[in-house]
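If you're matching positions, the sequence shown starts at 0 in numbering that gives the first Met the number 0 and goes up one per residue. Note sheet for the following structure.
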Amino acid sequence: MTEALLRTAGDPASMAGSVRAAIQDLDATVAVGAVATLQQKIDSGLVHERMMALLSACFGLLALVLTSVGVYGVIVYAVERRTREIGIRLALGAARRQVAAMLLRELGLLVLASLMLGIAATLAATRTIQTLLYGIAASDFVTVAAAALALALVAALAAWIPARRAAHLDPMDALRTE
(Lines of atoms letter the chains of each structure in order from A and count residues from 1; the text may use other names and numbers.)
(Lines give C-alpha, C1' and ligand atoms only; values in the text may rest on other atoms or scores of the structure.)
Protein backbone atom coordinates (compact mmCIF):
# COMPACT_ATOMS: atom_id res chain seq x y z
CA MET A 1 0.00 0.00 0.00
CA THR A 2 1.39 3.36 -0.98
CA GLU A 3 0.96 6.40 1.20
CA ALA A 4 1.47 10.00 0.24
CA LEU A 5 2.08 12.85 2.64
CA LEU A 6 1.14 16.36 1.59
CA ARG A 7 1.87 19.66 3.27
CA THR A 8 -0.95 22.17 3.03
CA ALA A 9 -1.25 25.80 3.96
CA GLY A 10 -4.87 25.50 5.02
CA ASP A 11 -7.08 22.93 6.69
CA PRO A 12 -5.88 19.46 5.59
CA ALA A 13 -9.37 17.92 5.83
CA SER A 14 -10.80 20.44 3.37
CA MET A 15 -8.08 19.59 0.83
CA ALA A 16 -8.95 15.86 0.71
CA GLY A 17 -11.41 16.13 -2.19
CA SER A 18 -9.10 18.17 -4.41
CA VAL A 19 -6.13 15.89 -3.67
CA ARG A 20 -8.21 12.82 -4.51
CA ALA A 21 -9.31 14.44 -7.79
CA ALA A 22 -5.73 15.40 -8.67
CA ILE A 23 -4.53 11.81 -8.12
CA GLN A 24 -7.37 10.45 -10.29
CA ASP A 25 -6.45 12.96 -13.03
CA LEU A 26 -2.84 11.72 -13.01
CA ASP A 27 -3.68 8.00 -13.02
CA ALA A 28 -7.25 6.69 -13.00
CA THR A 29 -6.12 3.17 -12.03
CA VAL A 30 -4.77 4.29 -8.66
CA ALA A 31 -7.20 3.63 -5.85
CA VAL A 32 -7.28 6.35 -3.23
CA GLY A 33 -8.06 4.91 0.18
CA ALA A 34 -8.76 6.62 3.44
CA VAL A 35 -7.51 10.16 3.73
CA ALA A 36 -6.19 11.20 7.11
CA THR A 37 -4.21 14.06 8.53
CA LEU A 38 -0.73 13.51 9.91
CA GLN A 39 -2.02 14.13 13.41
CA GLN A 40 -4.66 11.42 12.93
CA LYS A 41 -1.93 9.01 11.74
CA ILE A 42 0.23 9.84 14.76
CA ASP A 43 -2.74 9.46 17.12
CA SER A 44 -3.65 6.05 15.68
CA GLY A 45 -0.03 4.94 15.96
CA LEU A 46 0.12 5.91 19.63
CA VAL A 47 -3.09 4.21 20.74
CA HIS A 48 -1.22 1.26 22.29
CA GLU A 49 1.26 3.49 24.11
CA ARG A 50 -1.49 5.74 25.43
CA MET A 51 -3.46 2.73 26.66
CA MET A 52 -0.38 1.40 28.45
CA ALA A 53 0.24 4.84 29.99
CA LEU A 54 -3.36 5.01 31.21
CA LEU A 55 -3.14 1.49 32.61
CA SER A 56 0.14 2.34 34.35
CA ALA A 57 -1.40 5.49 35.80
CA CYS A 58 -4.35 3.49 37.13
CA PHE A 59 -2.02 0.94 38.74
CA GLY A 60 0.04 3.80 40.17
CA LEU A 61 -3.08 5.36 41.66
CA LEU A 62 -4.11 1.99 43.08
CA ALA A 63 -0.63 1.60 44.59
CA LEU A 64 -0.90 5.07 46.15
CA VAL A 65 -4.30 4.21 47.66
CA LEU A 66 -3.04 0.89 49.04
CA THR A 67 0.07 2.59 50.40
CA SER A 68 -2.07 5.28 52.00
CA VAL A 69 -4.29 2.70 53.70
CA GLY A 70 -1.22 0.79 54.88
CA VAL A 71 0.51 3.88 56.25
CA TYR A 72 -2.68 4.96 58.00
CA GLY A 73 -3.12 1.49 59.52
CA VAL A 74 0.45 1.34 60.81
CA ILE A 75 0.21 4.81 62.32
CA VAL A 76 -3.15 4.13 63.97
CA TYR A 77 -1.73 0.92 65.42
CA ALA A 78 1.35 2.75 66.71
CA VAL A 79 -0.80 5.40 68.39
CA GLU A 80 -3.24 2.86 69.86
CA ARG A 81 -0.36 0.89 71.38
CA ARG A 82 0.57 4.03 73.29
CA THR A 83 -2.92 4.87 74.55
CA ARG A 84 -2.01 4.23 78.21
CA GLU A 85 1.12 6.34 77.91
CA ILE A 86 -0.89 9.15 76.34
CA GLY A 87 -3.46 8.85 79.12
CA ILE A 88 -0.72 9.09 81.77
CA ARG A 89 0.77 12.15 80.07
CA LEU A 90 -2.64 13.83 79.91
CA ALA A 91 -3.45 12.87 83.52
CA LEU A 92 -0.15 14.37 84.70
CA GLY A 93 -0.98 17.67 83.04
CA ALA A 94 0.50 17.51 79.56
CA ALA A 95 -1.24 19.85 77.16
CA ARG A 96 -3.19 18.22 74.37
CA ARG A 97 -1.16 20.20 71.87
CA GLN A 98 2.06 18.80 73.35
CA VAL A 99 0.78 15.24 73.05
CA ALA A 100 -0.21 15.76 69.42
CA ALA A 101 3.12 17.45 68.65
CA MET A 102 5.04 14.61 70.30
CA LEU A 103 3.21 11.99 68.25
CA LEU A 104 3.55 13.96 65.01
CA ARG A 105 7.27 14.49 65.61
CA GLU A 106 7.92 10.80 66.26
CA LEU A 107 5.80 9.69 63.34
CA GLY A 108 7.43 12.33 61.14
CA LEU A 109 10.87 10.91 61.90
CA LEU A 110 9.62 7.44 60.99
CA VAL A 111 8.16 8.72 57.72
CA LEU A 112 11.35 10.66 56.94
CA ALA A 113 13.49 7.55 57.47
CA SER A 114 11.12 5.53 55.27
CA LEU A 115 11.21 8.14 52.52
CA MET A 116 15.01 8.25 52.60
CA LEU A 117 15.18 4.46 52.24
CA GLY A 118 12.63 4.57 49.43
CA ILE A 119 14.48 7.31 47.56
CA ALA A 120 17.77 5.43 47.94
CA ALA A 121 16.16 2.24 46.60
CA THR A 122 14.62 4.18 43.71
CA LEU A 123 17.93 5.75 42.76
CA ALA A 124 19.59 2.33 42.96
CA ALA A 125 16.98 0.93 40.55
CA THR A 126 17.11 3.79 38.02
CA ARG A 127 18.56 1.65 35.22
CA THR A 128 15.61 -0.73 35.41
CA ILE A 129 13.14 2.14 35.73
CA GLN A 130 14.69 3.85 32.72
CA THR A 131 14.16 0.79 30.51
CA LEU A 132 10.51 0.42 31.56
CA LEU A 133 9.28 4.02 31.32
CA TYR A 134 9.27 6.30 28.31
CA GLY A 135 10.78 9.74 28.87
CA ILE A 136 12.15 8.99 32.35
CA ALA A 137 15.90 9.53 32.57
CA ALA A 138 18.11 7.88 35.14
CA SER A 139 18.61 11.30 36.69
CA ASP A 140 14.94 12.38 36.69
CA PHE A 141 14.87 13.65 40.25
CA VAL A 142 11.69 15.65 39.67
CA THR A 143 9.62 12.47 39.31
CA VAL A 144 11.25 10.87 42.34
CA ALA A 145 10.74 14.04 44.38
CA ALA A 146 7.09 14.30 43.28
CA ALA A 147 6.40 10.71 44.33
CA ALA A 148 8.17 11.24 47.65
CA LEU A 149 6.21 14.44 48.25
CA ALA A 150 2.91 12.69 47.50
CA LEU A 151 3.72 9.91 49.95
CA ALA A 152 4.90 12.43 52.56
CA LEU A 153 1.60 14.32 52.28
CA VAL A 154 -0.36 11.10 52.62
CA ALA A 155 1.72 10.13 55.65
CA ALA A 156 1.26 13.57 57.21
CA LEU A 157 -2.51 13.30 56.84
CA ALA A 158 -2.43 9.73 58.11
CA ALA A 159 -0.43 10.84 61.15
CA TRP A 160 -2.53 13.92 61.87
CA ILE A 161 -5.84 12.08 62.26
CA PRO A 162 -4.77 9.59 64.99
CA ALA A 163 -2.55 12.17 66.72
CA ARG A 164 -5.46 14.57 66.95
CA ARG A 165 -7.73 11.78 68.18
CA ALA A 166 -5.15 10.71 70.80
CA ALA A 167 -4.72 14.27 72.02
CA HIS A 168 -8.45 14.50 72.69
CA LEU A 169 -8.67 11.26 74.66
CA ASP A 170 -10.23 11.35 78.08
CA PRO A 171 -7.30 10.50 80.43
CA MET A 172 -9.44 8.19 82.57
CA ASP A 173 -10.67 6.21 79.57
CA ALA A 174 -7.12 5.98 78.22
CA LEU A 175 -5.82 4.65 81.54
CA ARG A 176 -8.50 1.94 81.61
CA THR A 177 -7.55 0.50 78.21
CA GLU A 178 -5.24 -2.45 77.88
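Ideal Cβ placement from N, Cα and C applies to all residues, glycine included. Being a predicted model, the structure only gives us computed values, none of them experimental.
Classification of residue i by the beta-carbon crowding that lies within 10 angstroms, buried from 16 upward
i              : result
isoleucine 160 : exposed
isoleucine 74  : buried
valine 78      : buried
alanine 100    : exposed
valine 141     : exposed
leucine 106    : buried
Inter-residue CB distance, residue i and residue j (contact presumed, cutoff 8 Å)
i             : j           : result
leucine 103   : alanine 162 : 5 Å
isoleucine 85 : alanine 173 : 6 Å
valine 70     : alanine 157 : 5 Å
valine 34     : alanine 15  : 4 Å
Sequence-distant residues of the same chain with beta carbon closer than 8 Å to residue i, five excluded per side
i            : result
threonine 82 : Ala165, Leu168, Ala173 and Thr176
glycine 117  : Ala147 and Leu150
Own chain, CB closer than 6 Å to residue i, minus 5 neighbours either side, in chain order
i           : result
valine 31   : Arg19 and Ile22
arginine 96 : none
serine 43   : none
beta-carbon residue i near the ligand ATP non-hydrogen atom, thresh 6 Å
i           : result
proline 170 : No copy of the ligand ATP occurs in the structure displayed, which carries no ligand at all.
Cβ neighbours of residue i in the same chain (closer than 7 Å, five flanking residues each side left out)
i          : result
tyrosine 5 : Sequence inspection shows leucine at residue 5; the tyrosine mentioned does not correspond to that position. The answer, listed in chain order, is Val18.
Which runs of the alpha helix (DSSP H) fall wholly inside the segment 77-155 and span at least 4 residues, in chain order? DSSP assignment within the segment 77-155 yields the following whole alpha helix (DSSP H) runs of 4 residues or more, N-terminal first: 82-90, 95-123 and 125-131.
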